[in-house]
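Visitor: Following this message is one structure expressed as structure tokens.
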Amino acid sequence: MSEFVLGQQSAYPNQYDPGLLFPIPRAQNRKKLGIEEGSRLPFLGIDLWNAFELSWLNPKGKPQIALVEFTIPAESPFMIESKSFKLYLNSLNQHPFETLEAVRVCLRHDLSAVLGSPLQIKLLQPSELQDQKKYPLMQELDGQLLDRLDIEVNPAQIADPALLSADQSSAPITQTLVSHLLKSNCPVTGQPDWASVQIHYQGRPIKEEGLLRYIIGFRNLGEFHEHCVEKIFCDIKNRCQPEKLSVYARYTRRGGLDINPFRADFNAAWPNNIRHARQ
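When the count follows this note's numbering, it moves up by one through the sequence shown with no breaks and lands on 281 for the last residue.
Written out as structure tokens, the structure reads:
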């Protein structure tokens, strides 16, 4: 992975350069989960990216800013490496655009070309966020908190699917579980990635202590955000066999970007893009 921009010393660009964007094939990580390239995905989903450090120049040379929400479909053949995404956005700092719409068109063109798929882009001015009915400032993930469990954990424990099981002697239930203890590591630099995760399912009750140990086991895993969520989804699906399942993780911000993957195997509404306390 030494070819990744993230693993190198990188000068911040002083001119617009879409060539900075670095695609990562989703297939290479999905193969680890038993998902062969070209086969039907076992889930639907999106990756919600929020960018807080976008700026450009208007025709008079005056700097402009906006916040951006990117909605990337999970079925896109590629995802974008996050440091390259940040460098690309920074390359717009000194670039002139006639209108806000021109910025959106540029972003959509460049990103869809690298993703191999269309995406949705929403640009927001800070003043728009004052409407807290439309854009709530903060909301914690709903669900029963796994972190309440007073369990003993082996710090060297990895996220082993064998930790996951369901109580097959109990009747099916509908339940939402939440943990703030998800932490993984960048596979290139080893930097920590912190997240809260929400697991919603319908099926036999998942044994909570094993699930919490499994989530904690990601602390020793070096994987991208998107793959962590897909691993959680696939491991729960394979081991616990719920009738319905969704997994949603909200990662803390790094480099002006946060990444929030969502995966589900039923026709669930996409989650609201609302920050929680650590974001």
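Idealized CB from N, CA, C, for every residue including glycine.
Quick check on the burial criterion: 16 or more other C-beta atoms within 10 angstroms. Buried or exposed for Ile261?
Guide: So Ile261 ends up on the buried side.
Visitor: With distances taken Cα to Cα, identify the nearest neighbour of Asp237 among Leu213, Ile48 and Asp19.
Guide: With distances taken between Cα atoms, Asp237 lies closest to Leu213.
Visitor: Let me check understanding here. Comparing Cα to Cα, which of Ser119, Asn92, Leu126 and Leu89 lies closest to Arg106?
Guide: It is Leu126.
Visitor: Give the straight-line distance between the Cα atoms of Asp19 and Gln96, rounded to the nearest whole angstrom.
Guide: Asp19 and Gln96: Cα-Cα distance of roughly 11 Å.
Visitor: May I ask which residues mark the beginning and end of the alpha helix (DSSP H) holding Ile217?
Guide: Glu210 to Ile218 is the extent of the alpha helix (DSSP H) around Ile217.
Visitor: CB-CB under 6 Å to Tyr216, same chain, minus the five flanking residues each way: which ones, in chain order?
Guide: Counting only Cβ-Cβ distances below 6 Å, and skipping sequence neighbours, we find Ala161, Leu165 and Leu166.
Visitor: Using three-state DSSP, classify His97 as helix, strand or coil.
Guide: Coil, per DSSP.
Visitor: How many Å lie between Leu259 and Asp49 at the Cα?
Guide: Computed Cα separation, rounded: 12 Å.
Visitor: Do the CB positions of Phe268 and Ala251 come within less than 9 Å of each other?
Guide: Taking 9 Å as the Cβ cut-off, Phe268 and Ala251 do not qualify as a contacting pair.
Visitor: What alpha helix (DSSP H) runs, 4 residues minimum, are completely inside the stretch 49-115?
Guide: The stretch 49-115 contains these whole alpha helix (DSSP H) runs: 84-92.
Visitor: Alpha carbon to alpha carbon, how far is Gly118 from Leu147?
Guide: Approximately 38 Å between the Cα atoms of the pair.
Visitor: Alpha carbon to alpha carbon, how far is Ile26 from Ile153?
Guide: So the two alpha carbons sit approximately 37 Å from each other.
Visitor: Assuming Arg42 contacts Met140 (C-beta within less than 8 Å), just tell me the rounded distance between them.
Guide: Arg42 to Met140, Cβ: 37 Å. No contact.
Visitor: Can you grab the Cα-Cα spacing for the pair Met3 / Gln200, in whole Å?
Guide: Confidence at Met3 is low in this model, with a pLDDT of 38, below 50, so the placement of that residue should be treated as unreliable; the coordinate-derived value is given next. Distance between the alpha carbons of Met3 and Gln200 is about 30 Å.
Visitor: Measure from the alpha carbon of Ser172 to the alpha carbon of each residue in Asp144, Ala197 and Gln204, then state which is nearest.
Guide: With distances taken between Cα atoms, Ser172 lies closest to Gln204.
Visitor: So Val231 is in the beta strand (DSSP E); what residue range does that whole segment cover?
Guide: Looking at the DSSP string, Val231 is not in any beta strand (DSSP E); the run it does join, the alpha helix (DSSP H), is His227 to Cys242.
Visitor: If you run the structure through DSSP and keep just helix, strand and coil, what is Ile276?
Guide: If DSSP states are grouped into helix, strand and coil, Ile276 belongs with coil.
Visitor: Look up Asp149 in the DSSP assignment and say whether it is helix, strand or coil.
Guide: Here Asp149 sits in helix by DSSP.
Visitor: Counting beta carbon pairs with one atom in the stretch 22-41 and one in the stretch 54-64, are three or more of them shorter than 8 Å?
Guide: Judged by Cβ distances under 8 Å, the stretch 54-64 makes no contact with the stretch 22-41, as fewer than three pairs qualify.
Visitor: So Ala76 packs on Leu102, CB below 8 Å; how close in whole Å?
Guide: The Cβ separation is near 28 Å, so there is no contact.
Visitor: Since I believe Asp149 is in contact with Pro2 (beta carbons under 8 Å), could you give me their beta-carbon distance rounded to a whole number of angstroms?
Guide: Any answer about residue 2 is impossible in this case: the structure gives the chain only from 3 up to 281.
Visitor: Following the continuous alpha helix (DSSP H) through Arg32, name the residue where it begins and the one where it ends.
Guide: Residues Arg28 to Arg32.
Visitor: Please report how far the alpha carbon of Asn16 lies from the alpha carbon of Gly40, in whole angstroms.
Guide: Answer to the nearest angstrom: the Cα atoms are 39 Å apart.
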